[in-house]
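Chemist:
Number of protein chains: 2
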Amino acid sequence: MSPLPHLAMADGAEFDAIRRMLTTWSAQAEGIGDDAAILDIPHGERLVVSTDASVEGVHFKREWFSAEEIGARAASAALSDLAAMAATPRGLLLALGLPSGWRSELEAVARGVGAAAAAVQCPILGGNMTASEVLTLTITVLGSAAHPLRRSGALPGDLLYVTGLLGGPGAALRDLLRGATPSAEHRARFAQPSPRVREALWLAELGAHAAIDISDGLLSDAAHLARASAVSIQIDAESLPRMSGVEIDNAVISGEEYELLVAMPPDVVLDERAFEARFGVRLSRMGRVVPREHADVTMIGADVPRSTGHDHLR
Amino acid sequence: MSPLPHLAMADGAEFDAIRRMLTTWSAQAEGIGDDAAILDIPHGERLVVSTDASVEGVHFKREWFSAEEIGARAASAALSDLAAMAATPRGLLLALGLPSGWRSELEAVARGVGAAAAAVQCPILGGNMTASEVLTLTITVLGSAAHPLRRSGALPGDLLYVTGLLGGPGAALRDLLRGATPSAEHRARFAQPSPRVREALWLAELGAHAAIDISDGLLSDAAHLARASAVSIQIDAESLPRMSGVEIDNAVISGEEYELLVAMPPDVVLDERAFEARFGVRLSRMGRVVPREHADVTMIGADVPRSTGHDHLR
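Chains Y and H are the protein sequences, given in the same order.
Last residue of the first sequence: 426 in our numbering, with the numbers rising by one and none dropped.
Last residue of the second sequence: 426 in our numbering, with the numbers rising by one and none dropped.
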């Protein structure tokens, strides 16, 4: 691992690139240096770990984002998996595939990764660098929790909540794919997602039964949660929090939201205004968990769109 | 993370691919399913974590190895970083970039990863899958140790040992790059490396001061160890264990060996025959640690080759 032995560049370029990343990260990455990184998990907590790749041409096009946004977005997507488990971030590793045409942007990419990690107090533990045809960020995140939140804990009778306003990333992506300019509001949600780490810890503390982050779109991820918990989910279409200019059909299939879908026991009193005041993010009750039916997910007040998939580039 | 949300394939192909990998791994990967994996680190032990990428066209050419060897080799390279820290493997995550031309080989790649993990009793915790132009395996390994072995602990007076016989991967690579067929013995060392996990635990138990795995070549990695420990290293050229047909100059720059270089305190009596009988791997005393001099590494009985770098494809 670090210091990045497999970098297929000339020696000078390799060590120069590593130095530039470490300089950018500074004290955030001070533990880097051995074959592997060492981390202490608090006694009584379990380790939570996830890995996530962001590939130019597959997950994004270069012209859509700044280099810093690309770094931050990849890190936020990975960190969102820790949020879904209500885990406190403990460390991040970056395996970077760096094309020669991206070398001048290395600090900006590193800065973005560093900013997203810093936003949730996550140290950078190490990484790997290799030559690549396209920019590739494979990010592994480590967290810990005494009782990690699972997908499988939802019970009939639970109330469903979602953070934030849905549809921004999907709307921005649709605009970009047809050559239009997304609204600033939609673009910001697409380009600068925030992993809902603090929000998840707060909801877990209140007794949440299950959670998942919305990376594939609300309907797809609600179906994942329903299947894992052996329940069905009813979504109340009118209660869905949407960004301006987004129809319900599009809000429920918008991917890369990195908002949380959470199942709470019905006896928990959630003050949605207090939540918003505390975190600056909306919390909306928008459905319920029911005993297992034929469909994973049904919608009340709207039809389930026929396409529930996530838009991909190819 | 798992179940692999970012796979840029049609839904059917995505879930089919995941199912095929999980079926291949079977009970080895039974914990997969949440946004992140959960792992318990034994009380009193520290987490050790490393990430390592293996990219077609950068680290290997497709025609050099079987698909199973490519999977096993990538996992072994990552696991070797745990060996260098004398950590017990606890889990592995695979982020796979899968080109369409490799889909029929998916089980074979997964089988190779699974075999390398099973050889050191390492469960598979999860992963990520994405479309890719070239086959890319980014593997994160997690281990634990009460006292991880560092690069930085070598002291003047320590004796240096290396596992195995050096030079096989370098010789095989040279042959392959010039269109020749490597000897079976050299090829086996290149295509089927073994992470020295059990050997490292045994040496750590005996009181090893420092270790590094030889991924960049003995001279480069000895220099890393010397700098991290603020010492210099003398290598006794005549004592270097080499594969047949390998000159000293080539043995010391052969990369991707995944053997261990270990600094032992001089009062530890190491029975090299007992080691070989136990592990089926040679252990050779081949140098010593001296107070810091101008050069990181000197050789006794041979000149230090001018090129100390690792052969890369480009």
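All C-beta atoms, glycine included, are put in the ideal place defined by N, C-alpha and C.
Could you tell me whether any Cβ in chain H is nearer than 9 Å to the Cβ of G276 (chain Y)?
Modeler: Your numbering for residue 276 (chain Y) matches position 164 in the first sequence. Not one chain H Cβ lies under 9 Å of G276 (chain Y).
Chemist: Could you check which residue in H:I153, H:L205 and H:P235 has the C-alpha nearest to that of V253 (chain Y)?
Modeler: Looking up residue 253 (chain Y) in the first sequence gives position 141. Residue H:L205 is the option with its Cα nearest to V253 (chain Y).
Chemist: Quick one: is L218 (chain H) near chain Y, going by C-beta distance under 9 Å?
Modeler: One-based indexing of the second sequence puts residue 218 (chain H) at position 106. By this cut-off, L218 (chain H) is not an interface position.
Chemist: Specify whether the stretch 297 to 310 of chain H and the stretch 278 to 286 of chain H touch according to this definition: at least 3 beta carbon pairs, one from each stretch, less than 8 Å apart.
Modeler: The stretch 297 to 310 of chain H, when compared against the stretch 278 to 286 of chain H, does touch it at the 8 Å Cβ threshold.
Chemist: Please work out which residues of its chain come closer than 6 Å, Cβ to Cβ, to T250 (chain Y), disregarding the five sequence neighbours upstream and downstream, and give them in chain order.
Modeler: For the purposes of this step, residue 250 (chain Y) is identified with residue 138 of the first sequence, where counting begins at 1. Within the same chain, T250 (chain Y) has close Cβ partners A165 and A207.
Chemist: Sort Y:E245, Y:E142, Y:S306 and Y:M398 by Cα distance to Q346 (chain Y) and report the nearest one.
Modeler: Sequence index remark: in the first sequence, residue 346 (chain Y) carries index 234 (1-based). The candidate whose alpha carbon is nearest that of Q346 (chain Y) is Y:M398.
Chemist: Helix, strand or coil, according to DSSP, for M411 (chain H) in the structure here?
Modeler: Taking the first residue of the second sequence as position 1, residue 411 (chain H) is located at position 299. Correct three-state label for M411 (chain H): strand.
Chemist: In three-state terms, what does DSSP make of L116 (chain Y)?
Modeler: Residue mapping note: residue 116 (chain Y) aligns to position 4 of the first sequence, counting from 1. Since pLDDT at L116 (chain Y) reaches only 32, below the 50 mark, its modelled position is unreliable, and no value is offered.
Chemist: Quick one: what does DSSP say S178 (chain Y) is sitting in, helix, strand or coil?
Modeler: Counted from its first residue, the first sequence places residue 178 (chain Y) at position 66. Note: S178 (chain Y) maps to coil in three-state DSSP.
Chemist: Using 8 Å as the cut-off, can you tell me whether the stretch 302 to 319 of chain Y makes contact with the stretch 190 to 201 of chain Y, which would need three or more C-beta pairs spanning the two stretches below that distance?
Modeler: Contact between the stretch 302 to 319 of chain Y and the stretch 190 to 201 of chain Y is present, because at least three Cβ pairs lie under 8 Å.
Chemist: Could you run through the stretch 211 to 245 of chain H and flag, in chain order, every residue whose CB is less than 9 Å away from some CB of chain Y?
Modeler: Residues passing the 9 Å Cβ filter: L237, G238, G239, N240, M241, T242, A243, S244 and E245.
Chemist: In this structure, does DSSP put A207 (chain H) in helix, strand or coil?
Modeler: Residue 207 (chain H) sits at position 95 when you count from the first residue of the second sequence. A207 (chain H): strand per DSSP, three-state reduction.
Chemist: Nearest to I153 (chain H) by CA position, among Y:L159, Y:A149 and Y:A148, is which residue?
Modeler: Counting from 1 along the second sequence, the entry for residue 153 (chain H) is found at position 41. Of the candidates Y:L159, Y:A149 and Y:A148, the one whose C-alpha sits nearest the C-alpha of I153 (chain H) is Y:L159.
Chemist: Indicate whether at least one CB of chain Y lies closer than 9 Å to the CB of P260 (chain H).
Modeler: For the purposes of this step, residue 260 (chain H) is taken as the residue at position 148 of the second sequence. Yes, contact with chain Y.
Chemist: Which residues bound the alpha helix (DSSP H) around R390 (chain Y)?
Modeler: Along the first sequence, one-based indexing puts residue 390 (chain Y) at 278. Per DSSP, R390 (chain Y) belongs to the alpha helix (DSSP H) from E384 to F391.
Chemist: Please check if any C-beta of chain H sits within less than 9 Å of the C-beta of S178 (chain Y).
Modeler: Taking the first residue of the first sequence as position 1, residue 178 (chain Y) is located at position 66. No - not a single Cβ of chain H is within 9 Å of the one on S178 (chain Y).
Chemist: With H, G and I counted as helix, E and B as strand and the rest as coil, what does DSSP make of T200 (chain H)?
Modeler: Residue numbering aside, residue 200 (chain H) sits at position 88 when the second sequence is read from its first letter. Reduced to three states, the DSSP call for T200 (chain H) is strand.
Chemist: Does H171 (chain H) have its Cβ less than 9 Å from a Cβ in chain Y?
Modeler: Within the second sequence, the letter at position 59 stands for residue 171 (chain H). So yes, H171 (chain H) belongs to the interface.
Chemist: How is D146 (chain H) classed by DSSP in three states: helix, strand or coil?
Modeler: Counting from 1 along the second sequence, the entry for residue 146 (chain H) is found at position 34. DSSP places D146 (chain H) in coil when its eight states are reduced to three.
Chemist: DSSP puts Y273 (chain H) in a beta bridge; with which residues?
Modeler: As a working mapping, residue 273 (chain H) is identified with position 161 in the second sequence. Note: Y273 (chain H) sits in a beta bridge opposite H:V374 and H:R397.
Chemist: Which residues of chain Y have a Cβ atom closer than 7 Å to the Cβ of G183 (chain H), listed in chain order?
Modeler: On the second sequence, residue 183 (chain H) is found 71 positions in, with the first residue counted as 1. Chain Y residues near G183 (chain H): none, gap ~16 Å exceeds 7 Å.
Chemist: When you compare the CB of A62 (chain Y) with every CB in chain H, is at least one pair closer than 9 Å?
Modeler: Lying before the first or after the last residue shown, residue 62 (chain Y) is absent from chain Y, which here runs from 113 to 426.
Chemist: Give, in chain order, every unbroken run of the beta strand (DSSP E) that is at least 3 residues long and sits entirely within the stretch 254 to 341 of chain H.
Modeler: The qualifying runs are 271 to 275 and 322 to 325.
Chemist: Could you give the DSSP three-state label for D379 (chain Y): helix, strand or coil?
Modeler: Indexing the first sequence from 1 puts residue 379 (chain Y) at position 267. Note: D379 (chain Y) maps to coil in three-state DSSP.
Chemist: Would you say I324 (chain Y) reaches chain H, if we count a Cβ-Cβ gap shorter than 9 Å as a contact?
Modeler: On the first sequence, position 212 is the one that residue 324 (chain Y) refers to. I324 (chain Y) counts as touching chain H.
Chemist: Any Cβ of chain H within less than 9 Å of the Cβ of D146 (chain Y)?
Modeler: Taking the first residue of the first sequence as 1, we reach residue 146 (chain Y) at position 34. Closer than 9 Å: yes.
Chemist: Tell me which residue opens and which closes the alpha helix (DSSP H) that R354 (chain Y) is part of.
Modeler: Mapped onto the first sequence, residue 354 (chain Y) falls at position 242. Looking at the DSSP string, R354 (chain Y) is not in any alpha helix (DSSP H), and its letter there is neither H nor E.
Chemist: Within a Cβ cutoff of 7 Å, which residues of the same chain sit near V167 (chain Y), ignoring the five residues on either side of it in sequence?
Modeler: Sequence index remark: in the first sequence, residue 167 (chain Y) carries index 55 (1-based). Cβ neighbours of V167 (chain Y) beyond the five flanking positions: V246 and T248.
Chemist: Keeping to the same chain, check which residues put their C-beta closer than 8 Å to that of H258 (chain H); ignore five residues upstream and five downstream.
Modeler: As a first step, residue 258 (chain H) is located in the second sequence; it is residue number 146 there, counting from the start. The amino acid at residue 258 (chain H) is misidentified as His; the sequence shows Ala. Only G156, E157 and R158 meet the Cβ criterion.
Chemist: Span of the beta strand (DSSP E) holding V343 (chain H)?
Modeler: Walking along the second sequence from the start, residue 343 (chain H) turns up at place 231. Segment V343 to D348, the beta strand (DSSP E) holding V343 (chain H).
Chemist: Using only the alpha-carbon positions, how far apart do A139 (chain Y) and M133 (chain Y) sit?
Modeler: By 1-based counting over the first sequence, the position of residue 139 (chain Y) is 27. By 1-based counting over the first sequence, the position of residue 133 (chain Y) is 21. Distance between the alpha carbons of A139 (chain Y) and M133 (chain Y): 12 Å.
Chemist: Can you give the Cα-Cα distance for G265 (chain Y) and A292 (chain H), rounded to whole angstroms?
Modeler: For the purposes of this step, residue 265 (chain Y) is taken as the residue at position 153 of the first sequence. For the purposes of this step, residue 292 (chain H) is taken as the residue at position 180 of the second sequence. The alpha-carbon atoms of G265 (chain Y) and A292 (chain H) are separated by roughly 58 Å.
Chemist: Exposed or buried, N213 (chain H), counting other C-beta atoms within 10 Å across all chains shown (16 or more means buried)?
Modeler: Counted from its first residue, the second sequence places residue 213 (chain H) at position 101. Correcting the residue type first, residue 213 (chain H) is Gly in the shown sequence and not Asn. When all chains shown are included, G213 (chain H) counts as exposed.
Chemist: What does A342 (chain Y) reach in chain H if we use C-beta pairs closer than 8 Å?
Modeler: The residue you call residue 342 (chain Y) lines up with position 230 of the first sequence. Those within 8 Å of A342 (chain Y) in chain H number zero; the least Cβ separation is about 13 Å.
Chemist: So with CB distances below 8 Å, who are the chain H contacts of D152 (chain Y)?
Modeler: In the first sequence, counting from the first residue as 1, residue 152 (chain Y) sits at position 40. The contacting residues are R158 and L159.
Chemist: Counting only the same chain and skipping the five closest in sequence on each side, list residues whose C-beta sits under 8 Å from that of P201 (chain H).
Modeler: For this step, residue 201 (chain H) is matched to residue 89 along the second sequence. The answer, listed in chain order, is L191, L194, A229, V232, Q233, C234, V253, L254, G255 and V309.
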